[in-house]
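First up is the structure itself, then whatever we jot down about it.
There are 2 protein chains.
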Amino acid sequence: MSSADIMGYAAGALTAFTFLPQVVKTWREKAAKEVSLYMFIIAFVNEILWLTYGVMINNWVIMVTNIIMLFMSAIMILLKLKYNHR
Amino acid sequence: MSSADIMGYAAGALTAFTFLPQVVKTWREKAAKEVSLYMFIIAFVNEILWLTYGVMINNWVIMVTNIIMLFMSAIMILLKLKYNHR
Chain A
1 MSSADIMGYA
11 AGALTAFTFL
21 PQVVKTWREK
31 AAKEVSLYMF
41 IIAFVNEILW
51 LTYGVMINNW
61 VIMVTNIIML
71 FMSAIMILLK
81 LKYNHR
Chain B
101 MSSADIMGYA
111 AGALTAFTFL
121 PQVVKTWREK
131 AAKEVSLYMF
141 IIAFVNEILW
151 LTYGVMINNW
161 VIMVTNIIML
171 FMSAIMILLK
181 LKYNHR
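Residue numbers (my numbering), protein chains in the order written: chain A, 1 to 86; chain B, 101 to 186.
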């Protein structure tokens, strides 16, 4: 594995958990009025594109990363809709 | 260009603007208490990794995407710190 490969895998692994702090924060505080719904809708649609790309080029790192992000984005969209009024 | 390439470029182009709705919303509403600082710190660090990876493999799509995201994340970190109290 080249040093570029290692950098790519490290970047991909970290990307998968970008949304986790927001999910945890909103889950705990039950307030999401200031969080952008569109950010997570764009992310959700985008992750479907990335997942399709991952399947097309048969790249498991892209597939797994985007399945995790798709799941986190879906949770955030639900949390946003639930706690939008506070 | 293959259909996989087109899918990859479309996904990359959309990724670059994921944070834009949050930047615009926070800029307008001047409130960011409910937005996670850690999400954007993780994103910022992650984009430096991706940018380094892009430079290492000489991939302009990865470089340009992550320069845009780095810029958006930096703005969101500043907006969060400025409007955290409201």
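Ideal Cβ positions, reconstructed from N, Cα and C, are used throughout, including at glycine.
Within the stretch 147-161 of chain B, the residues whose Cβ lies closer than 8 Å to some Cβ of chain A are 149, 150, 152, 153, 156 and 157, listed in chain order.
Pairing residue 175 of chain B with residue 141 of chain B, the inter-Cα distance amounts to about 11 Å. Between residue 163 of chain B and residue 149 of chain B, the CB-CB gap reaches or exceeds 8 Å. Cβ contact annotation for residue 37 of chain A (same chain, cutoff 8 Å, sequence separation greater than five): 77, 80, 81 and 84, in chain order. Between residue 10 of chain A and chain B, the shortest Cβ-Cβ separation is below 8 Å. Look at residue 64 of chain A: its C-beta is not under 8 Å from any C-beta on chain B. Interface with chain B (8 Å Cβ-Cβ cutoff): residue 68 of chain A is excluded. Among the residues of chain A, those whose CB is under 7 Å from the CB of residue 139 of chain B are 18, 19, 21 and 22, following chain order.
Scanning chain B for C-beta atoms nearer than 8 Å to the C-beta of residue 7 of chain A yields 149, 152, 153 and 156, reported in chain order. In the displayed model, residue 26 of chain A falls within a helix according to three-state DSSP.
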